[in-house]
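J.: To start, I am sharing the structure in question, which I have written as structure tokens.
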Amino acid sequence: MVTVLICLALLLPFSTVAAGSLDQIAQQYQSSSLGWMNQSITYANHLFTGLALIEFVWSGMHYLLRKNDLSDLLGALTFKIISLSFFYTLLTLSPQWIPLILSSFSQAGASISGTTTLSPSGVFNLGPQIANQIILALGSPSLGLQALGSYLFSAISAGLAALLIVLAFAFASLQLLITLIESYLIIGGGMIMLGFLGSRWTLSFGERYLGYAVSTGVKLFILYLIIGLGPSLAQTINQDLQQAILSSGTGSPPPGSFFTAAAISLIYGALCFMIPSLASSMMHGQPSLSLGNTGTSSVFTGATALGLGAGGLSMGVRLANQTLGAAKAMASGAKLMRQQGIAAATQHSLNSIGSMAKDHLTGQAPQQHQAIKDILKEKQVQGLGKNTLGGELANRIRLSDLLLIPLTRQKTD
329 MVTVLICLAL LLPFSTVAAG SLDQIAQQYQ SSSLGWMNQS ITYANHLFTG LALIEFVWSG
389 MHYLLRKNDL SDLLGALTFK IISLSFFYTL LTLSPQWIPL ILSSFSQAGA SISGTTTLSP
449 SGVFNLGPQI ANQIILALGS PSLGLQALGS YLFSAISAGL AALLIVLAFA FASLQLLITL
509 IESYLIIGGG MIMLGFLGSR WTLSFGERYL GYAVSTGVKL FILYLIIGLG PSLAQTINQD
569 LQQAILSSGT GSPPPGSFFT AAAISLIYGA LCFMIPSLAS SMMHGQPSLS LGNTGTSSVF
629 TGATALGLGA GGLSMGVRLA NQTLGAAKAM ASGAKLMRQQ GIAAATQHSL NSIGSMAKDH
689 LTGQAPQQHQ AIKDILKEKQ VQGLGKNTLG GELANRIRLS DLLLIPLTRQ KTD
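Position one of the sequence shown corresponds to residue 329 (the numbering used here), numbered consecutively onward.
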């Protein structure tokens with residue numbers, strides 16, 4: 329019973345605070361975005377004009393220096409004027425077009441999901457409402473030690489389930505609030521990026537802004553599809569609780585029904601967590617409906633990447649050693665092919681490969697490499713001339729001679 333009281337004490341203040349504060353935050357950003365938009369359009373016009381002048385001067389110099397016909401010059405300038413006029417029209421009408429892009433996706437999501445409007449506070453309040461129904465479904469404890477123990481277990485289960493439900497719907501409301509604020513930032517301050525459409529060198533910045541606006545609209549579309557299920561989920565949970573109360577015959581649902589309600593809410597919260605990833609998947613055509621990008625999986629993925637990096641480094645060292653041995657065998661085989669024919673070269677290559685595999689399995693290859701390293705250290709040019717071009721050339725010649733010594737011995741044998 330103490331757990332239930334603590335849970336109620338935590339839920340009621342949050343519900344009272346969130347009744348309108350989240351909506352007020354969203355409305356404040358929405359009203360501020362109008363002032364941001366006016367200032368952004370002013371700066372974007374200045375930026376577009378400067379970049380367009382630079383583009384005209386550069387294009388004119390380019391076509392004049394090419395010494396083409398006058399018709400080619402006029403055609404190129406006409407095409408440049410048409411393209412810049414289109415981008416300037418896009419910049420001028422962006423205060424009407426960009427909000428229409430975002431609102432059209434929102435209206436499509438609301439129409440498909442069957443919801444009229446979504447507000448962060450309305451989504452958040454669903455959590456405490458369901459939690460309140462869970463607490464009220466407990467009823468009063470019965471007499472007897474066994475009945476009291478069962479009631480305490482049900483109370484603890486109900487308290488944990490209520491807390492998880494509130495957290496799930498709180499996260500859904502937070503995701504909705506963040507996405508709405510993001511859309512207001514795009515409408516307001518982001519329009520300055522359209523000024524970069526005035527030049528071919530900065531055109532990609534403006535294109536990315538338009539793509540960002542469309543991707544945010546897709547995010548709002550998926551948001552209405554998933555978060556719009558919140559009211560129907562709350563109604564389903566309440567109906568299941570009432571059905572569990574009637575089926576139990578004790579006036580209180582079993583603890584399993586509380587955990588079922590918590591599981592449904594957690595799945596709802598997980599889907600809300602996946603909304604940005606789902607929007608990106610819809611834009612790029614890549615499936616990502618999983619919990620692989622959660623925090624725990626990220627840590628596991630990082631540890632796996634470190635392990636693979638260390639293993640790959642070790643494998644690369646072994647591969648380099650084996651490649652060196654294979655190159656030596658191929659050089660020896662080519663030399664024998666010129667001297668003794670294809671049959672002898674083939675037999676020698678097979679012997680070299682077998683010897684290399686034997687050394688790799690028995691661990692003798694590292695010892696041979698260390699011996700060659702010691703010989704090279706003794707034979708290389710020392711003194712002041714070791715860093716000169718002649719010294720480096722002499723060391724390379726000695727290196728090739730030392731690498732051919734084992735092959736010459738095999739030929740003699």
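A virtual CB, placed ideally from N, CA and C, is assigned to each residue, including glycine.
Closest to ASN315 by CA distance: which of GLY526, PHE497, LEU464 and ASP351 is it?
T.: The requested residue 315 does not occur in the structure, where the chain is confined to residues 329 to 741.
J.: Compute the beta-carbon to beta-carbon distance between LEU419 and PHE376, rounded to the nearest angstrom, for a pair I have assumed lies under 8 Å.
T.: Confirmed, about 6 Å.
J.: Would you check if the distance between the CB atom of ILE554 and the CB atom of LEU599 is smaller than 8 Å?
T.: Closer than 8 Å, so yes.
J.: Closer than 7 Å by C-beta to SER585: which residues in its own chain qualify, once you throw out the five before and the five after it? Chain order, please.
T.: Once the five neighbours on either side are set aside, the close Cβ partners of SER585 are ASP568, LEU569 and ALA572.
J.: Please classify MET602: does DSSP put it in a helix, a strand, or coil?
T.: Here MET602 sits in coil by DSSP.
J.: Nearest to ASN460 by CA position, among SER449, GLN435, GLY487 and LEU480, is which residue?
T.: Nearest option by C-alpha distance: GLY487.
J.: Is THR377 close to chain C? Criterion is C-beta to C-beta, closer than 8 Å.
T.: Considering every chain present, this structure includes no chain C. It has just one protein chain.
J.: With C-beta atoms as the reference, is LEU492 less than 8 Å away from ALA590?
T.: Result yes, Cβ atoms of LEU492 and ALA590 sit closer than 8 Å.
J.: Is PHE587 helix, strand or coil by DSSP?
T.: In the structure shown, PHE587 sits in a helix (DSSP, three-state: H, G or I).
J.: Inspect the beta-carbon positions of ALA490 and LEU466 and report whether they are closer than 8 Å.
T.: No, the pair does not count as a contact, with Cβ atoms beyond the cut-off.
J.: With burial defined as no fewer than 16 other Cβ atoms inside 10 Å of the residue's Cβ, what is the status of THR370: buried or exposed?
T.: Flag for THR370 reads exposed.
J.: The alpha helix (DSSP H) that contains TRP425, what's its start and end?
T.: Element bounds for TRP425: 398-441.
J.: Buried or exposed for GLN356, please, with buried defined as at least 16 other CB atoms from any protein chain shown within 10 angstroms of its CB.
T.: The residue in question, GLN356, is exposed, as its Cβ has fewer than 16 Cβ neighbours within 10 Å.
J.: I'd like the span of the alpha helix (DSSP H) that includes LEU520, first residue to last.
T.: At residue 520 the sequence reads Ile, which differs from the Leu that was named. Per DSSP, ILE520 belongs to no alpha helix (DSSP H) and is neither H nor E.
J.: Starting from the C-beta of ALA638, find all residues in its chain whose C-beta is less than 7 Å away, skip the five residues before and the five after it, and write them out in chain order.
T.: Because ALA638 carries a pLDDT of 40, less than 50, the predicted location of this residue cannot be relied on, and no value is offered for it.
J.: Consult DSSP for ARG394 and reduce its assignment to one of helix, strand or coil.
T.: Reduced to three states, the DSSP call for ARG394 is coil.
J.: When the Cβ atoms of the segment 380-398 are set against those of the segment 533-541, are three or more pairs found closer than 8 Å?
T.: With a cut-off of 8 Å, the segment 533-541 and the segment 380-398 do not count as touching, because too few Cβ pairs lie within range.
J.: So what's ASN456 in DSSP terms, helix, strand or just coil?
T.: As written in the sequence, residue 456 is Pro, which differs from the Asn given in the question. Correct three-state label for PRO456: helix.
J.: Once you ignore the five residues that flank SER485 on each side, which residues in its own chain have a CB closer than 8 Å to its CB?
T.: PRO583, PHE586 and PHE587.
J.: Roughly how many angstroms lie between the CA atoms of SER366 and LEU606, to the nearest whole one?
T.: Looking at the sequence itself, residue 366 is Asn, so the reference to Ser does not match. Roughly 32 Å separates the two Cα atoms.
J.: By the three-class DSSP mapping on this structure, what secondary structure does PRO581 have?
T.: Residue state, collapsed to three classes: coil.
J.: Indicate the three-state DSSP secondary structure (helix, strand or coil) for THR507 in the structure shown.
T.: Helix, per DSSP.
J.: Tell me which residue opens and which closes the alpha helix (DSSP H) that THR544 is part of.
T.: First-last of the alpha helix (DSSP H) with THR544: 531-555.
J.: Give the C-beta separation of GLY597 and ALA496 to the nearest angstrom, bearing in mind that I take them to be a contact with Cβ-Cβ under 8 Å.
T.: Indeed, because the Cβ distance is near 3 Å, the residues count as touching under 8 Å.
J.: Please determine, among GLN352, ASP351 and SER368, the residue with the shortest C-alpha to C-alpha distance to ILE514.
T.: Nearest C-alpha to ILE514: SER368.
J.: How about SER511 and LEU350: are their beta carbons less than 8 Å apart?
T.: Cβ distance not < 8 Å, so SER511 and LEU350 don't count as in contact.
J.: In terms of alpha-carbon separation, which member of ARG528, ALA562, LEU551 and TRP364 lies closest to ILE458?
T.: Here the closest residue by C-alpha is ALA562.
J.: Our contact map puts ALA372 next to MET519 with C-beta atoms below 8 Å; I'd like the distance itself, whole angstroms only.
T.: That belief holds up - the Cβ atoms of ALA372 and MET519 are roughly 6 Å apart, short of 8 Å.
J.: Candidates ILE603, THR564 and ILE353: which alpha carbon is nearest SER593's?
T.: Nearest option by C-alpha distance: THR564.
J.: Evaluate PHE414 with the Cβ neighbour count: other Cβ atoms within 10 Å of its Cβ, from every protein chain shown; 16 or more gives buried, anything less gives exposed.
T.: Its Cβ having fewer than 16 others within 10 Å, PHE414 is exposed.
J.: Counting only the same chain and skipping the five closest in sequence on each side, list residues whose C-beta sits under 6 Å from that of LEU401.
T.: Closer than 6 Å at Cβ, skipping near neighbours: TYR391.
J.: List the whole-angstrom C-beta distance separating LEU430 from ALA541, where the pair is believed to meet the contact cut-off of C-beta under 8 Å.
T.: About 7 Å; that satisfies the 8 Å criterion.
J.: Could you check what DSSP says for THR444 in three-state terms: helix, strand or coil?
T.: Coil at THR444, not helix or strand.
J.: Check PHE499 in the structure and name its three-state DSSP category.
T.: Helix at PHE499.
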